[in-house]
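Visitor: Sequence lines, in order, name chains E and U. Just so we're aligned, residue 1 is where the first sequence starts under my numbering, counting upward by one. Just so we're aligned, residue 1 is where the second sequence starts under my numbering, counting upward by one. By construction, the Cβ of each residue, glycine as well, lies at the ideal position given by its N, Cα and C atoms. Below: one structure in structure tokens.
Number of protein chains: 2
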Amino acid sequence: MCLRLDPRAGLTVRELTLVALPGIPEVEHGASLVELLRSAVERAGKTLESGDVLVVAQKIVSKAEGRSVRLAEVTPSARAFELAHIVEKDPRLVELMLHESRAVLRAKPGVLIVEHRLGFVMASAGIDQSNVAGGNGEETALLLPEDPDASARRIQEGVRNACGAVVGIVINDSFGRAWRNGVTGVAVGVAGIPALVDLRGRPDREGRPLRVTQVAAADELAAAASLLMGQSDEGCPVVLARGFPYARRASSIGELIRPRAEDMFR
Amino acid sequence: MCLRLDPRAGLTVRELTLVALPGIPEVEHGASLVELLRSAVERAGKTLESGDVLVVAQKIVSKAEGRSVRLAEVTPSARAFELAHIVEKDPRLVELMLHESRAVLRAKPGVLIVEHRLGFVMASAGIDQSNVAGGNGEETALLLPEDPDASARRIQEGVRNACGAVVGIVINDSFGRAWRNGVTGVAVGVAGIPALVDLRGRPDREGRPLRVTQVAAADELAAAASLLMGQSDEGCPVVLARGFPYARRASSIGELIRPRAEDMFR
């Protein structure tokens with residue numbers, strides 16, 4: 001935690017600082033994310049410290065891992081054609097969405113909500129056509145990383161080897177929500193910081209047990225970083241966060257996924 | 001926007017800084033939030049600047065506005081008794097939840113999801129029993145502010161008069177979500193910053209229109225602040241945010257509420 005003693009009152013002031021690292025180039029398959037992060041941190045005039053968290057946009061992780069698919073190579077199934085007609089999307093894209101999903105939850109023109117194979121309930125299985133360099137004008141789609149937690153752990157390990165700092169990693173994406181307009185940043189992969197923080201047992205000011213007991217800390221950090229990443233061509237896909245207030249530990253994104261049996265909105 | 005020229009590369013570095021203001025006392029009905037904010041900012045050794053955003057926990061806004069209700073004065077209706085049996089809560093609390101709501105969406109032991117009269121789909125109509133000073137050991141419940149946008153505008157106006165700075169205000173609360181575990185901070189009232197930012201029309205790097213077009217910026221900031229506020233007795237109910245990256249404008253929380261007709265998960 002980033003604590004600073006206030007000289008006037010002797011109070012501790014908690015600060016969280018987020019810095020969007022500029023100048024990150026278009027990421028190609030096989031690019032070293034660690035080298036890219038290292039040089040971006042340096043360019044921003046910063047030094048990584050243990051306890052820092054790097055929030056990395058899913059998009060560049062997927063690109064580096066070669067999760068781009070050429071649509072010309074996709075053959076839609078009959079079910080993909082059927083759904084594509086309902087949702088008014090390219091049948092090849094819908095085929096990829098189905099392939100990445102366990103179940104279709106909702107389908108209407110413009111919208112396909114699925115349960116992703118990783119457990120996320122999300123639109124379009126997270127498959128993105130924008131900002132993907134297809135080369136030769138080819139149409140491509142970008143899938144989520146195969147295993148975003150493993151991606152996060154690899155980046156964490158690589159940063160430790162390259163910079164000597166034990167940082168947390170959050171891979172984030174923008175999800176729509178039920179009931180509320182607009183997307184917000186959410187975590188899809190995590191390493192080194194708790195995805196979910198359990199406050200059960202801590203009493204409130206009057207000594208009553210807390211009503212709110214579990215905080216989706218990785219999602220809150222993902223949202224904070226998303227605010228700085230932007231969505232346009234000036235987007236910064238990496239944010240350095242200093243002052244994450246919860247104790248570090250090994251974690252997995254599964255902590256944030258509500259089991260189907262406990263879910264009331266499918 | 002908080003832009004800083006990096007002397008090494010000539011690049012601009014976007015920063016967002018969040019500071020949890022310490023030492024805020026228990027808030028009583030009739031307390032001046034503006035005076036409380038002003039002195040908390042000063043205690044933290046900060047000076048408010050135009051463009052800053054103050055994120056204020058719903059709890060202290062409600063307390064200052066006298067939204068605390070003595071449970072002894074609540075007479076549950078037959079419907080409240082019925083629902084209380086299902087959700088295993090105090091019938092007087094359930095009566096208040098019903099009174100604050102337009103519709104009940106889900107009810108099961110421990111959980112009551114409603115559409116709040118302000119349009120939020122949320123648990124327990126945002127009614128909170130923890131951290132409420134009831135005095136004399138009386139049981140009380142704390143309701144959301146009558147009109148959180150109006151509360152936010154009043155605070156904004158008061159801060160302008162007291163400090164000369166035109167700041168944005170977000171009133172935040174912690175909501176559970178569909179599909180994901182844990183609560184995150186969300187905005188329930190807003191003044192001076194856009195609740196929703198529309199990026200439609202901006203092209204991506206390849207010149208394609210953006211797929212993701214509307215960002216719930218106030219929610220992302222509310223989540224960021226929530227990360228610092230904590231939930232325990234050391235909680236800081238006010239966060240000063242510097243570097244919110246979107247243009248200021250008049251706004252309302254209604255921008256974030258998906259119209260019932262467009263909602264697929266009720």
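#1: Report all residues from its chain with a CB closer than 6 Å to the CB of Ala64/E; omit the five preceding and five following residues, and keep chain order.
#2: Cα-Cα, which of Ser226/U, Ala78/U, Gly230/U is closest to Leu199/E?
#3: If you measure from the beta carbon of Met97/E to each beta carbon in chain U, is any gap under 8 Å?
#4: Taking CB distances under 8 Å as the criterion, tell me whether Ala17/U reaches chain E.
#5: Would you say Ala245/U reaches chain E, if we count a Cβ-Cβ gap shorter than 8 Å as a contact?
#6: On the premise that Gly189/U lies in contact with Pro148/U, defined as a C-beta separation below 8 Å, what is that separation, rounded to the nearest angstrom?
#7: What in chain B is Cβ-close to Gln214/U, meaning under 8 Å?
#8: Which class does Asp233/U belong to by DSSP, given the choice of helix, strand or coil?
#9: To the nearest angstrom, how far is it from the Cα of Phe120/U to the Cα of Ile257/U?
#10: Between the alpha carbons of Gly168/U and Leu18/U, how many angstroms are there, rounded?
#11: Are Ala107/E and Phe265/U close, meaning C-beta to C-beta below 8 Å?
#12: Any Cβ of chain E within less than 8 Å of the Cβ of Cys163/U?
#13: Ignore the nearest five residues each way along the sequence and tell me which others in Asn131/E's own chain have a CB closer than 7 Å to its CB.
#14: Just to make sure I have the definition right: I need the residues of chain E whose C-beta is within less than 7 Å of the C-beta of Leu227/U. Which are they?
#15: Could you check what DSSP says for Gln214/E in three-state terms: helix, strand or coil?
#16: Can you tell me the Cα-Cα spacing of Leu118/U and Ser77/E, whole angstroms?
#17: May I have the straight-line CA-CA distance separating Arg242/E from Leu227/E, to the nearest angstrom?
#18: Between the segment 77-88 of chain U and chain E, which residues of the former have a C-beta closer than 9 Å to a C-beta of the latter?
#19: Are Leu96/U and Val74/U closer than 8 Å when you measure CB to CB?
#20: Going by DSSP in three states, Ile60/E sits in which element: helix, strand or coil?
#21: Using the beta-carbon count (16 or more within 10 Å), is Pro261/E buried or exposed?
#22: Check the Cβ-Cβ distances between Leu36/U and every residue of chain E, and say whether any is below 8 Å.
#23: What are the boundary residues of the beta strand (DSSP E) that Asp173/U is part of?
#24: So, is Phe175/E buried or exposed, given that buried needs 16 or more other C-beta atoms within 10 angstroms?
#25: With distances taken between CB atoms, is the gap from Ala123/U to His116/U smaller than 8 Å?
#26: In angstroms, rounded to a whole number, what distance separates the CA positions of Arg248/E and Asp219/E?
#27: Between the segment 143-156 of chain E and chain U, which residues of the former have a C-beta closer than 8 Å to a C-beta of the latter?
#28: Going by CA-CA distance only, name the one from Ala187/E, Leu240/E, Glu42/E that's closest to Ile253/E.
#29: Could you spell out where the alpha helix (DSSP H) holding Glu42/U opens and where it closes?
#30: Count the other CB atoms within 10 Å of the CB of Gly66/E; is the residue buried (16 or more) or exposed (fewer)?
#31: Given that a residue counts as buried once 16 or more other Cβ atoms are within 10 Å of its Cβ, and exposed if not, what is Arg14/E?
#32: Let me know the secondary structure DSSP gives Leu83/E once reduced to three states.
#33: Quick one, which residues of the segment 20-31 of chain E are near chain U if we go by CB-CB under 8 Å, in chain order?
#34: How would you call Met1/U, buried or exposed, if buried means at least 16 neighbouring beta carbons within 10 angstroms?
#35: In terms of residue numbering, what span does the beta strand (DSSP E) encompassing Arg70/E cover?
#36: List the endpoints of the continuous alpha helix (DSSP H) containing Ser151/E.
Guide: Quick look at the numbers:
#1: Val27, Ala31, Leu33, listed in sequence order.
#2: With distances taken between CA atoms, Leu199/E lies nearest to Gly230/U out of Ser226/U, Ala78/U, Gly230/U.
#3: At least 8 Å separates the CB of Met97/E from every CB of chain U.
#4: For the sequence presented, residue 17/U should be read as Thr rather than Ala. Yes, Thr17/U counts as interfacial toward chain E.
#5: Contrary to the premise, residue 245/U reads as Pro rather than Ala in this sequence. Pro245/U counts as touching chain E.
#6: About 3 Å; that satisfies the 8 Å criterion.
#7: Absent from the structure: chain B. Protein chains present are E and U.
#8: Residue placement at Asp233/U is poorly supported in this model, since its pLDDT is 46, which falls under 50; the coordinates are not used for a value here.
#9: In a straight line, the C-alpha of Phe120/U is about 7 Å away from that of Ile257/U.
#10: Cα to Cα, the separation comes out at about 14 Å.
#11: Result no, Cβ atoms of Ala107/E and Phe265/U do not sit closer than 8 Å.
#12: Chain E places no beta carbon closer than 8 Å to that of Cys163/U, leaving this residue out of the contacts.
#13: Note that Asn131/E scores 47 on pLDDT, short of 50, meaning its location in the model is unreliable; the coordinates nonetheless yield the value given after this. Scanning its chain for C-beta atoms nearer than 7 Å, with the 5 sequence neighbours on each side dropped, one finds around Asn131/E the residues Lys59, in chain order.
#14: Within chain E, the residues whose beta carbon sits less than 7 Å from that of Leu227/U are Leu16, Ala217, Glu220, Leu221, Ala224, Pro245, listed in sequence order.
#15: Shown here, Gln214/E sits in a strand according to DSSP, grouped into three states.
#16: If you take the alpha carbons of Leu118/U and Ser77/E, they lie about 44 Å apart.
#17: Rounded to the nearest whole angstrom, the C-alpha separation of Arg242/E and Leu227/E is 15 Å.
#18: Of all residues in the segment 77-88 of chain U, none comes within less than 9 Å of chain E when Cβ atoms are compared.
#19: Yes.
#20: Residue state, collapsed to three classes: helix.
#21: First, the amino acid is wrong: residue 261/E is Ala here, not Pro. By the neighbour-count rule (16 or more Cβ atoms within 10 Å), Ala261/E is not buried but exposed.
#22: No, because no Cβ of chain E sits closer than 8 Å to the Cβ of Leu36/U.
#23: For Asp173/U, the enclosing beta strand (DSSP E) has its first and last residue at 168-175.
#24: When all chains shown are included, Phe175/E counts as buried.
#25: Not closer than 8 Å, so no.
#26: Roughly 15 Å between the two C-alpha positions.
#27: So nothing in the stretch comes that close.
#28: Distance check between Ile253/E and each of Ala187/E, Leu240/E, Glu42/E places Ala187/E closest, using alpha-carbon atoms only.
#29: Its alpha helix (DSSP H) spans residues 33-43.
#30: Label assigned to Gly66/E: exposed.
#31: By the 16-neighbour rule on beta-carbons within 10 angstroms, Arg14/E is buried.
#32: Leu83/E: helix per DSSP, three-state reduction.
#33: Answer set for the segment 20-31 of chain E: Ala20, Leu21, Pro22, Gly23, Glu26.
#34: The pLDDT assigned to Met1/U is 36, lower than 50, so where the model puts this residue is not dependable, and the model offers no usable value.
#35: 68-70 is the extent of the beta strand (DSSP E) around Arg70/E.
#36: It spans 148-163 - the alpha helix (DSSP H) in which Ser151/E sits, taken as one unbroken run.
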